[in-house]
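**Student:** Got a structure for you, questions after.
Number of protein chains: 2
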Amino acid sequence: MTEAPDIEITAYDWVPDMARGKVKDLRVRWALNEIGLPYRERLVGNAGSEKSTDHLADQPFGQVPVYKEGGLTLFESGAILLHIGEKDERLLPRDRVARARATAWMFAALNSVEPFLQALFLVDLRGSGQAWHSPAKENLRPFAENRLRQLSAVLGEREWLEDRFTLGDLLMIDILRTSSQQDLVHAHANLSAYVERGTARPAFQSAVTAQLAAFERGEPK
Amino acid sequence: MTEAPDIEITAYDWVPDMARGKVKDLRVRWALNEIGLPYRERLVGNAGSEKSTDHLADQPFGQVPVYKEGGLTLFESGAILLHIGEKDERLLPRDRVARARATAWMFAALNSVEPFLQALFLVDLRGSGQAWHSPAKENLRPFAENRLRQLSAVLGEREWLEDRFTLGDLLMIDILRTSSQQDLVHAHANLSAYVERGTARPAFQSAVTAQLAAFERGEPK
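Protein chains in written order, with my numbering: chain P, 1 to 221; chain G, 222 to 442.
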């Protein structure tokens, strides 16, 4: 008989089809799978529904995932990944310089790449079918295109952003693959190949399977 | 005679008046000042001008700051702050739980708050005077308002986001104070007071003075 895992992550019990496999607990499952750490799931109310007071106490923005381990309750997937990375050098190198470089890519993914893609997602979400949609999109698209061009240039023909896979790649790949602006990502053959390399990893594949299984269990019977 | 500091940060030699005191090297100066660590400056080409190949090799997105120390070249202000925080518990608590919580607020500032404010900045920047500006702004504003309302709720009447000042506060305050959407921030009295508390710190004040002094030296004579 195995003991219950020490680590708990929250996930939603339901999201629309288009979001399945893309909710942010996936990147935490992926990281834990990379180092073979078991975890238990706690399913919280559907995305978009009113958030319980308990969940808001754990996650001020009412999102997933929340990560619990012993006395630690942690939110923000970037911070959760960093915490997990400190457990195992396969995610975050122990060498001081290599470790700092990996964290630079984590922050780059979350603050220099994702926001410009996300702005376009918000414009699509709120503007679809309205007169302002097309000009807003045309005016904001160059910011995202510029960041992806810069990212493509620095990646070049390398396999990963530094000389080995790190949490910087895990986060960057998860952001690129889940963006609603796939045409912008796939405008760069090396970024497409980079996403394919990352998502071919067994730890990623089993993370997707686990997230989809949670929705199955959450489905009204 | 004192030795030259080991730490080098880059800053711009010129930016428009509206950006002075707000460029992102400020948060790194602020953190170094908090723990009394000296640094030297390297001024790079004006913001908006063509970036040199050397600078792009250090900073793939052509921005400031770049941080150098020994064999380490680091970009992304979040990663730089994290690296500095590991030097001194006044910035980042040594306790495992408290440290992880502080990093959660760093990521929250950069990924859960700033992007929604920045989307409005981009809409203003590109849309001002155009027909799409007002409807785009009205449709995207609620996302930023929601995050600020959630932030205000979790801060409540406390002095800092956790029980003491950390890099999470430094980064959140710098993002709130430099946002172009000051009306949204100041809609919450406790967020206004929080920004005032942070920017009253001597380490912040001397960081502003140092950034402005660099523009003076960079000014065409």
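Just so it is clear, CB atoms sit at the ideal spot from N, CA and C, and this is done for glycine as well.
Nothing here was measured: the structure is a model prediction, and the numbers come from that model.
Are the Cβ atoms of G/Glu335 and P/Ser112 separated by less than 9 angstroms?
**Tutor:** Position 114 of the second sequence, counted from the first residue, corresponds to residue 335 of chain G. Position 112 of the first sequence, counted from the first residue, corresponds to residue 112 of chain P. The answer is no: Cβ separation not under 9 angstroms.
**Student:** Let me check one thing: in DSSP terms, what residues is P/Arg42 bridge-paired to?
**Tutor:** Within the first sequence, the letter at position 42 stands for residue 42 of chain P. Per DSSP, P/Thr10.
**Student:** Is it buried or exposed, P/Ala200, if we count other Cβ atoms within 10 angstroms and call 16 or more buried?
**Tutor:** Here residue 200 of chain P refers to the residue found at position 200 when the first sequence is read from its first residue. It counts as exposed.
**Student:** Tell me whether the stretch 168-175 of chain P and the stretch 371-384 of chain G touch, counting them as touching only if at least three CB pairs, one residue from each stretch, are closer than 8 angstroms.
**Tutor:** Taking 8 angstroms as the limit for Cβ pairs, the verdict is that the stretch 371-384 of chain G does not touch the stretch 168-175 of chain P.
**Student:** P/Leu74 lies in the alpha helix (DSSP H); which residues open and close that run?
**Tutor:** Numbered from 1 along the first sequence, position 74 holds the residue referred to as residue 74 of chain P. Here P/Leu74 belongs to no alpha helix (DSSP H); instead the beta strand (DSSP E) covers Leu72 to Leu74.
**Student:** Could you tell me which chain G residues have their CB closer than 7 angstroms to the CB of P/His83, listed as they occur along the chain?
**Tutor:** Working through the first sequence from its first residue, we reach residue 83 of chain P at position 83. Ala321, listed in chain order.
**Student:** Between the alpha carbons of P/His186 and G/Thr430, how many angstroms are there, rounded?
**Tutor:** Here residue 186 of chain P is taken as the residue at index 186 of the first sequence, counted from 1. Here residue 430 of chain G is taken as the residue at index 209 of the second sequence, counted from 1. Answer to the nearest angstrom: the Cα atoms are 44 angstroms apart.
**Student:** Between G/Asn254 and G/Ala424, which are expected to be in contact by the criterion C-beta below 8 angstroms, what is the C-beta distance as a whole number of angstroms?
**Tutor:** Residue numbering aside, residue 254 of chain G sits at position 33 when the second sequence is read from its first letter. Residue numbering aside, residue 424 of chain G sits at position 203 when the second sequence is read from its first letter. That pair is a contact at about 4 angstroms.
**Student:** Would you kindly work out how many angstroms separate the C-alpha atoms of G/Trp353 and P/Ala144, rounded to a whole number?
**Tutor:** As a first step, residue 353 of chain G is located in the second sequence; it is residue number 132 there, counting from the start. As a first step, residue 144 of chain P is located in the first sequence; it is residue number 144 there, counting from the start. Answer to the nearest angstrom: the Cα atoms are 19 angstroms apart.
**Student:** Hey, would you say G/Glu383 sits closer than 9 angstroms to G/Glu290, going by beta carbons?
**Tutor:** Within the second sequence, residue 383 of chain G is the residue found at index 162, counting from 1. Within the second sequence, residue 290 of chain G is the residue found at index 69, counting from 1. Not closer than 9 angstroms, so no.
**Student:** Output the distance between the C-alpha atoms of G/Phe328 and P/Val66, rounded to the nearest integer angstrom.
**Tutor:** Reading the second sequence from its first residue, position 107 is the one you call residue 328 of chain G. Reading the first sequence from its first residue, position 66 is the one you call residue 66 of chain P. The alpha-carbon atoms of G/Phe328 and P/Val66 are separated by roughly 14 angstroms.
**Student:** With three or more beta-carbon pairs closer than 8 angstroms as the criterion, would you say the stretch 312-325 of chain G touches the stretch 87-103 of chain P?
**Tutor:** Contact fails: fewer than three Cβ-Cβ distances are below 8 angstroms.
**Student:** Would you kindly work out how many angstroms separate the C-alpha atoms of G/Arg241 and G/Trp251, rounded to a whole number?
**Tutor:** Position 20 of the second sequence, counting from 1, holds the residue named residue 241 of chain G. Position 30 of the second sequence, counting from 1, holds the residue named residue 251 of chain G. If I take the Cα positions, the gap works out to 15 angstroms.
**Student:** Please determine, among G/Ala232, G/Arg385, G/Val236 and G/Pro237, the residue with the shortest C-alpha to C-alpha distance to G/Leu313.
**Tutor:** What you label residue 313 of chain G is simply residue 92 of the second sequence in a count that begins at 1. Nearest of G/Ala232, G/Arg385, G/Val236 and G/Pro237 to G/Leu313, Cα basis: G/Arg385.
**Student:** Which residues in the same chain have their Cβ closer than 7 angstroms to the Cβ of G/Ala225, if we skip the five residues on either side of it in sequence?
**Tutor:** Locating residue 225 of chain G in the second sequence gives position 4, counting from the first residue. Arg261.
**Student:** Just to confirm before moving on: does the CB-CB distance between P/Val28 and P/Ile84 stay below 9 angstroms?
**Tutor:** Locating residue 28 of chain P in the first sequence gives position 28, counting from the first residue. Locating residue 84 of chain P in the first sequence gives position 84, counting from the first residue. Result yes, Cβ atoms of P/Val28 and P/Ile84 sit closer than 9 angstroms.
**Student:** Give the range of the alpha helix (DSSP H) segment to which G/Lys358 is assigned.
**Tutor:** As a first step, residue 358 of chain G is located in the second sequence; it is residue number 137 there, counting from the start. Per DSSP, G/Lys358 belongs to the alpha helix (DSSP H) from His354 to Leu376.
**Student:** Which bits of chain G does P/Pro65 rub up against, with CB to CB less than 9 angstroms?
**Tutor:** Here residue 65 of chain P refers to the residue found at position 65 of the first sequence. Here the premise fails: no neighbours, minimum Cβ distance about 12 angstroms.
**Student:** Select from the stretch 364-390 of chain G all residues with a C-beta closer than 8 angstroms to any C-beta belonging to chain P, and list them in chain order.
**Tutor:** Per Cβ criterion, the list reads Phe364, Arg368, Gln371, Leu372, Ala374 and Val375.
**Student:** Step through the CB atoms of chain P and report whether any lies within less than 9 angstroms of the CB of G/Pro237.
**Tutor:** Within the second sequence, numbered from 1, the residue matching residue 237 of chain G stands at position 16. So, not an interface residue.
**Student:** Can you have a look at P/Ser128 and say buried or exposed, based on whether 16 or more other CB atoms are within 10 angstroms of its CB?
**Tutor:** The residue you call residue 128 of chain P lines up with position 128 of the first sequence. Result: exposed.
**Student:** Cα separation between G/Arg438 and G/Asp395?
**Tutor:** For the purposes of this step, residue 438 of chain G is identified with residue 217 of the second sequence, where counting begins at 1. For the purposes of this step, residue 395 of chain G is identified with residue 174 of the second sequence, where counting begins at 1. Those two C-alpha atoms are separated by around 24 angstroms.
**Student:** Please look up how many angstroms separate the CB atoms of P/Leu117 and P/Ser179, rounded, as I've assumed it's under 8 angstroms.
**Tutor:** Here residue 117 of chain P corresponds to residue number 117 of the first sequence, with the count starting at 1. Here residue 179 of chain P corresponds to residue number 179 of the first sequence, with the count starting at 1. Going by Cβ atoms, the distance from P/Leu117 to P/Ser179 rounds to 4 angstroms, so yes, they are a contact pair.
**Student:** Between G/Lys442 and chain P, is the shortest Cβ-Cβ distance under 9 angstroms, so that the two count as touching?
**Tutor:** Taking the first residue of the second sequence as 1, we reach residue 442 of chain G at position 221. Confidence is the limiting factor: at G/Lys442 the pLDDT is only 49, short of 50, which leaves the residue's position unreliable and the question unanswerable from this model.
**Student:** CB-CB under 8 angstroms to G/Gln426, same chain, minus the five flanking residues each way: which ones, in chain order?
**Tutor:** Your numbering for residue 426 of chain G matches position 205 in the second sequence. Closer than 8 angstroms at the Cβ level, and outside the excluded window around G/Gln426, lie Thr420.
**Student:** Between which residues of its own chain and G/Val265 is the CB-CB distance below 6 angstroms, once the five residues before and five after are set aside?
**Tutor:** Counting from one through the second sequence, the residue named residue 265 of chain G turns up at place 44. Answer for G/Val265: Thr231 and His276, listed in chain order.
**Student:** Can you pull the chain P neighbours of G/Arg347, defined as C-beta to C-beta under 7 angstroms?
**Tutor:** Here residue 347 of chain G refers to the residue found at position 126 of the second sequence. Those are Asn139 and Leu140, listed as they occur along chain P.
**Student:** By DSSP, does P/Glu196 sit in helix, in strand, or in coil?
**Tutor:** Working through the first sequence from its first residue, we reach residue 196 of chain P at position 196. Here P/Glu196 sits in helix by DSSP.
**Student:** Tell me, please, whether the CB atom of P/Met1 is closer than 9 angstroms to any CB atom in chain G?
**Tutor:** Indexing the first sequence from 1 puts residue 1 of chain P at position 1. Model confidence at P/Met1 stands at a pLDDT of 48, short of 50, so the residue's coordinates are unreliable and nothing is read from them.
**Student:** Which residue's Cα is closest to the Cα of G/Ile256: G/Asp238, G/Glu310, G/Ala278 and G/Thr274?
**Tutor:** Position 35 of the second sequence holds residue 256 of chain G. Of the candidates G/Asp238, G/Glu310, G/Ala278 and G/Thr274, the one whose C-alpha sits nearest the C-alpha of G/Ile256 is G/Glu310.
**Student:** Please go through the same chain and pick out, in chain order, the residues whose beta-carbon is closer than 7 angstroms to the beta-carbon of G/Gln280, but skip the five residues on each side of it.
**Tutor:** Within the second sequence, residue 280 of chain G is the residue found at index 59, counting from 1. Taken in chain order, the residues that qualify are Val287 and Phe296.
**Student:** Taking G/Ala300 as the reference, which of G/Thr274, G/Arg347, G/Asp246 and G/Pro259 has the closest Cα?
**Tutor:** Numbered from its first residue, the second sequence carries residue 300 of chain G at position 79. Among G/Thr274, G/Arg347, G/Asp246 and G/Pro259, the Cα nearest to that of G/Ala300 is on G/Asp246.
**Student:** Hey, how far is the Cα of P/Glu196 from the Cα of G/Glu380?
**Tutor:** Along the first sequence, read from residue 1 onward, the residue named residue 196 of chain P stands at position 196. Along the second sequence, read from residue 1 onward, the residue named residue 380 of chain G stands at position 159. Cα to Cα, the separation comes out at about 46 angstroms.
**Student:** What span of residues does the beta strand (DSSP E) with P/Glu69 cover, start to end?
**Tutor:** By 1-based counting over the first sequence, the position of residue 69 of chain P is 69. Run containing P/Glu69: Tyr67 to Glu69, per the beta strand (DSSP E) assignment.
**Student:** Please classify G/Arg320: does DSSP put it in a helix, a strand, or coil?
**Tutor:** The residue labelled residue 320 of chain G in the question sits at position 99 within the second sequence. Reduced to three states, the DSSP call for G/Arg320 is helix.
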